[in-house]
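Asker: Here it is, the structure in full.
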Amino acid sequence: MHELALIDELCRIAQQAARDQGASTIHSLLLRIGNLSGVDAEALRQAFAVVATAPPWSSTRLELEVVRTRCFCAHCRQAFRPTDLIHQCSRCGALSSDVLEGRELELVSMEVS
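The numbering of the sequence shown is the numbering used here, which starts it at 11 and goes up by one.
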């Protein structure tokens, strides 16, 4: 389960960022996860639940924003949301490999004090 390794790294990054801001408590973390990122949102929540059993994470809230895939069709010059793993334009039927959104894995914000 690589989500546990991701949470460990996220916690390390968040702690360092909080220290850099002179904060001692992290109240919440907001992560943006694309549905093509290879990260299972539920497994990430479970991994954080394991980490959150001990301080300093026991009072931290994890919020996940899952980003749906959005592609660009070079043929009809339109952005579209594919309905499956084959990124076929819903307007003209052309296939697209130009993914605009859906690969994200980023720490968007954190609330500290």
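Built from N, CA and C at the ideal position, the CB exists for glycine as well.
What's the C-alpha gap between residue 50 and residue 13?
Answerer: 7 Å
Asker: Would you call the CB atoms of residue 23 and residue 54 closer than 8 Å?
Answerer: no
Asker: Does residue 93 pass the burial test, meaning 16 or more other C-beta atoms within 10 Å, or should it be called exposed?
Answerer: exposed
Asker: Distance check for residue 59 and residue 6, CA to CA, integer angstroms please.
Answerer: Nothing in the structure corresponds to residue 6, since the chain is present only between 11 and 123.
Asker: Cβ atoms of residue 79 and residue 111: under 8 Å apart, would you say?
Answerer: yes
Asker: Taking residue 101 as part of the alpha helix (DSSP H), name the residues at either end of that continuous run.
Answerer: It is not in any alpha helix (DSSP H) - residue 101 carries neither H nor E in the DSSP assignment.
Asker: Assign residue 70 to one of two classes, buried (16 or more other C-beta atoms within 10 Å of its C-beta) or exposed (fewer than that).
Answerer: buried
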